[in-house]
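Right, one structure below, let's go through it.
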Amino acid sequence: MKAAAVRVGWYGDVYGIDWGNLEAAWPTGAFSPDDPWVTKSLKVWDEQTFEGIFGYPEGGMENLLHSYTTSSIGITHVRRGDQSEALQYLYGMLIHTSGTHMAAEAMRAYERWGRHGSQTDTMPHGEFSGKYLTTLHDMLAFEGQDGTLHLANVWAPQWAKPGRRVQFAGDTDFGHLAYTIDVADGGAVMHLDPPTRDAPKSTVVGIPQNDAVTAVTVNGHSLHTFSGDRITLPKLTGPATIEIGWKQQDPAPAYSFARAVSDYLASYHKMTSPPKARVEDTATAHPTVRAGDLFQVTANVVNTGGAGYLDDPRVRLYVDGKPAQTDDRALAKGIGFTTPESVISFKRHSEGVVPVGLATTVCRPGEHTLGVALGDSQPTRTVTINVLPLVPTQPAPPADLALDASTAFVGSHTAATAATCRSSMVP
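Numbers given in this note's numbering equal positions in the sequence shown, counted from 1, plus 2.
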């Protein structure tokens, strides 16, 4: 089958967007959570999150965080046994909820500057509520596609401290089950009432990810079917007392909900602080050009401050100290920037770096100084080009010369051509 390809890239007017892809392992079950495709995709998706929430590109800008798409990533991590990653997604969802853990369909970036967004009106959002509960449910109990039952799948470091209790009671595909796990020094005791409507193929119990199982007894009988942080129980026909011994293999992760809140507040304050934007890496690929030939000057706009409003979003090309071309679109789609006309993106492009490029021509032979600056400010970095005289037989370039197709580079429809240079030389 042949079809038009979607341009590669996360940003732009036309691009692919992950939505159904996130559900490849859960809830569709089309791929195993451990499938190499899923493993590689998770690395990409993890990079596309902001504050633990998956971004939703809209109109070329990631100005929206989508509340419940994140759950598909989190639950995939649960089913892979990635306890730390699953916890981070749970906390990411929670820090973006209200005081009663409600959430809307989505959260727009401009709301952080006190503006109203219609998506917030959907609070409480039913699908978010259901998927949040499912995420938490699967951390404590989920049914595998192979007919297995998995319990105590994700442990927060705080839950694994001596004297703490993990408790669950609820329905599964196999029937109702309930368990409590009381943590002690070097292990825990689990009291399990297994489901009796249908017997699972096997029941797997997890322990904290930084520990390894050392010994297990079930109703007083030794059990040896364990490995790492997982225990496979025999088929149970009634309540069971399971004594688990474990030994710490690695330090407990220093991650908690309190840490997630602290990280969120730091991100929030940085995001809403004034931007500190500057132009760096000004360059041209053609230090010598012929009069009338179109050439491009590139630079990077770097923001090391917050993502607040830029008073003047224009990027300008200066030739010999005078403005020659203006790009008022690159930062409107900017990553980590915003303008009075456009809303900010939640994501930053290469940590606050936006590449820009402007095209022009020069008619007068000799050396000329080029620079890129923001607004009406003069360039702080310049490059020099040498313009050769116009050749009498030099053909004029096409009227609609195609430049780099990337949205970061804007060609000029008003730049001079060899023809206009030639006409300007006529007495």
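A virtual CB, placed ideally from N, CA and C, is assigned to each residue, including glycine. As the structure is a computational prediction, the values presented were derived from the model and not from experiment.
Beta-carbon spacing of residue i, residue j below 8 Å
i, j, result
"ALA489", "VAL321", "Given that the chain is displayed from residue 3 to residue 429, the structure contains no residue 489 and the question cannot be resolved."
"ILE244", "ILE209", "no"
"GLN296", "THR363", "According to the sequence as given, residue 296 is Leu; it is not Gln. Result yes, Cβ atoms of LEU296 and THR363 sit closer than 8 Å."
"ASN212", "ALA260", "no"
"LEU138", "TYR181", "no"
"ALA279", "VAL303", "yes"
"LEU142", "ILE75", "no"
"GLU53", "GLY94", "yes"
"PRO381", "VAL374", "yes"
Closest Cα partner of residue i within the set the options
i, options, result
"SER34", "SER73, ILE77, GLU53, GLY247", "ILE77"
"THR234", "LEU296, ALA217, ARG167, THR328", "ALA217"
"THR284", "ALA293, VAL299, HIS152, LYS272", "VAL299"
"LEU392", "GLU107, ARG167, THR198, GLY294", "GLY294"
"MET125", "SER224, ALA287, THR71, SER100", "SER100"
"ASP140", "LEU92, THR102, ALA105", "LEU92"
"VAL80", "ALA158, ARG261, TRP21, ALA201", "ALA158"
"GLY308", "THR274, ALA106, GLN169, LEU89", "THR274"
"ASP265", "GLN90, ALA32, HIS288, GLU369", "GLN90"
"THR71", "VAL40, ALA375, GLY132", "GLY132"
"GLY146", "GLY165, TYR134, THR174, GLN251", "THR174"
"TYR270", "GLU113, ILE75, ILE183", "GLU113"
"VAL220", "GLN251, MET192, THR51", "MET192"
"THR286", "GLN250, ALA361, HIS226", "ALA361"
"ARG292", "HIS370, ASP313, SER258", "HIS370"
"ALA108", "GLN50, PHE56, ASN388, LYS45", "PHE56"
"PRO164", "GLN380, ASP37, ASP187", "ASP187"
Supposed contact pair residue j and residue i - C-beta distance, whole angstroms, cut 8 Å
i, j, result
"ALA242", "LEU194", "5 Å"
"THR136", "SER73", "7 Å"
"LYS237", "ALA214", "Their Cβ separation, rounded to whole angstroms, is 25 Å, which puts LYS237 and ALA214 out of contact at 8 Å."
"HIS103", "SER69", "Wrong, their Cβ atoms sit about 11 Å apart, outside the cutoff."
"ASP314", "GLY377", "3 Å"
Local Cβ density within 10 Å of residue i, reported as buried at 16 or more and exposed below that
i, result
"VAL263", "exposed"
"GLY83", "buried"
"ALA256", "exposed"
"TRP28", "buried"
"GLN160", "exposed"
"ASN155", "buried"
"SER224", "exposed"
"GLY22", "exposed"
"ARG167", "exposed"
"ASN305", "buried"
"ASP20", "buried"
"ASP148", "exposed"
"GLN169", "exposed"
"HIS226", "exposed"
"PRO196", "buried"
"SER432", "It is not possible to answer for residue 432, since the shown part of the chain is limited to 3 through 429."
Coil, strand or helix - residue i by DSSP
i, result
"ILE97", "coil"
"TRP248", "strand"
"ALA190", "strand"
"SER73", "helix"
"PHE144", "strand"
"GLN327", "strand"
"GLU107", "coil"
"LEU319", "strand"
"GLU369", "strand"
"ASP20", "coil"
"ARG167", "strand"
"GLY57", "strand"
"ASP200", "coil"
"PHE176", "coil"
"ALA410", "For ALA410, the pLDDT reaches just 33, beneath the cut-off of 50, and the residue's location in the model is therefore unreliable, although a value from the coordinates is still provided. Coil."
"VAL215", "strand"
"ARG296", "A quick correction: the sequence has Leu, not Arg, at residue 296. If DSSP states are grouped into helix, strand and coil, LEU296 belongs with coil."
"ASP231", "coil"
"LEU36", "The residue asked about is misnamed: residue 36 is Asp in this sequence, not Leu. The answer is coil: DSSP assigns ASP36 none of H, G, I, E or B."
"SER288", "Here the sequence assigns His to residue 288, which means Ser is not the residue at that position. Of the three classes helix, strand and coil, the one that applies to HIS288 here is coil, per DSSP."
"ALA262", "helix"
"ASP195", "strand"
"LEU44", "helix"
"PRO29", "coil"
"SER224", "strand"
"HIS139", "helix"
"HIS127", "coil"
"VAL304", "strand"
"THR78", "helix"
"PHE339", "In this prediction, PHE339 scores a pLDDT of 43, lower than 50, which makes its location untrustworthy; no coordinate-derived value is stated."
"GLY359", "strand"
"ALA242", "strand"
"ALA375", "strand"
"ALA254", "coil"
"LEU312", "coil"
Residue-level contact to chain B via CB, residue i, 8 Å cutoff
i, result
"ALA293", "Considering every chain present, this structure includes no chain B. It has just one protein chain."
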